[in-house]
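So the sequence shown is numbered by UniProt numbering: it starts at 1 and just counts up by one.
Glycine residues also receive a C-beta, built at the ideal position from the N, C-alpha and C atoms.
Computed from a predicted structure; not experimentally measured.
Working notes for the structure below.
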Amino acid sequence: MHPWVSLFSGGKDSSWALYRALEADYPVERLVTVHPQGDSYMYHTPATDLAALAAESVGIELLNVHPEDFGADDVSDSGAQGDAELEPLERALESLAEEWGGIGGVTAGAVESDYQTSRIEGMCERLGADLFAPLWQEDPHELADAMLDAGFEIRIVQVAAHGLDESWLGRTLDREAMADLTALNDQYGVHVLGEGGEFETLVVDGPHMDRRIELEYETVWEGTRGYLRIEDAWLDE
């Protein structure tokens, strides 16, 4: 069986896809993190630099992909941007496929986005690789329960939605938080897993990780949205 790669940001969705792949004994030998320029239609953008710490804790080598290294340009149309953002990822995976003699499969953390999934499916077809997307079209409440039951510790690192104020920055996504998000979903339509970009997360600990990620940060609030400015991060001894 050829080695697998796991698309990985350090956030809950890609971490869950990786965890499920490891549980299923897929031979994941590389994590791949794309570092977008500015806002992204395809990728989880905040705190991607922390993916290196998460990868170290998981114990799988990380491949960083910077679109500018591949000459990817900013484009205004979302469809064209999605394609332009996928291109450097695909080129990086083509290089891995040459090195390994093929890629067995790719894990992805997409939940409901046809936009993401259709592009990743097409890429996998061109690479001759299977796609493992265990969150795809699953019930978000059941997914959240499964993550918490498995022992994932999830921190919110960015918010950008009506109903999510500064108090959510740095908050642990536990059952109390999920109950609050369910209420916000009823009131404002906030997706309980943040699938529409309402919030972004970092998994600081889980059963697939050897050491917990510790953070020092300050919160930055910009009126209707905010994020954690990470000042230091390290793996707990």
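Contact between residue 169 and residue 159 holds, with the beta-carbon distance rounding to 6 Å and staying under 8 Å. Residue 140 and residue 191 do touch by the CB rule: their CB atoms are close to 7 Å apart, below 8 Å. Annotation for residue 1: 27, 104 place their beta carbon closer than 8 Å to its own, counting only its chain and skipping 5 residues before and after. Counting only the Cα atoms, residue 188 lies some 28 Å from residue 17. The C-alpha of residue 218 lies about 19 Å from the C-alpha of residue 153. Scanning the region 97–132 for uninterrupted beta strand (DSSP E) segments of 3 residues or longer gives 105–107, 130–132, listed from N- to C-terminal end.
DSSP lists 33 as the bridge partner or partners of residue 64.
Taking 8 Å as the cut-off, the Cβ atoms of residue 207 and residue 151 count as close.
Using a Cβ distance threshold of 8 Å, residue 202 and residue 155 count as a contacting pair. With a 10 Å radius around the Cβ and a threshold of 16 neighbouring Cβ atoms, residue 234 comes out exposed. Spanning the alpha carbons of residue 25 and residue 222 requires a straight line of approximately 43 Å. In this structure, the CA atom of residue 64 is about 7 Å from the CA atom of residue 35.
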